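Asker: This is the structure I want to talk about, given as structure tokens.
Numbering (my numbering), first residue to last: 762 to 900.
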């Protein structure tokens, strides 16, 4: 895995968490819309069928567990990436990498915050990625 892929892991995981949070909202909305059937449970093939509300609730609980696991992994991953970034010699490069890969800022936001133009930001970024690769390879 190259330096950019390594650093981007947190961004992708964060996006996956956001996607699951949207799914959770949809399931919650579905669970509140589902009507409950108060008739006797039907038994098919020796197993009782579950209600649509119960199915939605079980899926919601499972998704919440997945989200919590992903959040734990994101916190661990960001700490690991921050530790790697802290080994970069140049403080401007450190800040750039942190803003881009930990805070998930756009390139325009990074350039504005650092008071550089995009070309300079990309140049600093390229040098920083080379340094991260050296750190990853133990050089």
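For every residue, glycine included, the Cβ atom is placed at its ideal position computed from N, Cα and C.
All figures in this text were calculated on a predicted structure; none of them were measured in a lab.
For residue 896 versus residue 854, is the C-beta distance shorter than 8 Å?
Answerer: no
Asker: Determine, using beta carbons only, whether residue 764 and residue 893 come nearer to each other than 8 Å.
Answerer: yes
Asker: Counting only the same chain and skipping the five closest in sequence on each side, list residues whose C-beta sits under 7 Å from that of residue 775.
Answerer: 835 and 865
Asker: Do residue 828 and residue 771 count as a contact pair if the criterion is CB distance below 8 Å?
Answerer: Between residue 771 and residue 828, the C-beta gap is not smaller than 8 Å, which leaves the two residues out of contact.
Asker: CB-CB under 6 Å to residue 858, same chain, minus the five flanking residues each way: which ones, in chain order?
Answerer: 846 and 889
Asker: Do residue 769 and residue 862 count as a contact pair if the criterion is CB distance below 8 Å?
Answerer: yes
Asker: For the alpha helix (DSSP H) containing residue 879, list its first residue and its last residue.
Answerer: Start and end: 879-897.
Asker: Can you tell me where the alpha helix (DSSP H) holding residue 836 begins and where it ends?
Answerer: 813-846
Asker: Considering just the uninterrupted stretch of the alpha helix (DSSP H) at residue 786, what are its terminal residues?
Answerer: 764-794
Asker: Taking DSSP as the reference, what is the three-state secondary structure of residue 874?
Answerer: helix
Asker: So, is residue 873 buried or exposed, given that buried needs 16 or more other C-beta atoms within 10 angstroms?
Answerer: exposed
Asker: Taking 8 Å as the threshold (C-beta atoms), are residue 786 and residue 821 in contact?
Answerer: no
Asker: Where residue 837 and residue 870 are concerned, what is the direct C-alpha to C-alpha distance, given to the nearest angstrom?
Answerer: Going from the Cα of residue 837 to the Cα of residue 870 covers about 25 Å.
Asker: Below 7 Å CB to CB, which residues in the same chain sit around residue 817 once its five sequence neighbours on both sides are set aside?
Answerer: 788, 791, 792 and 795
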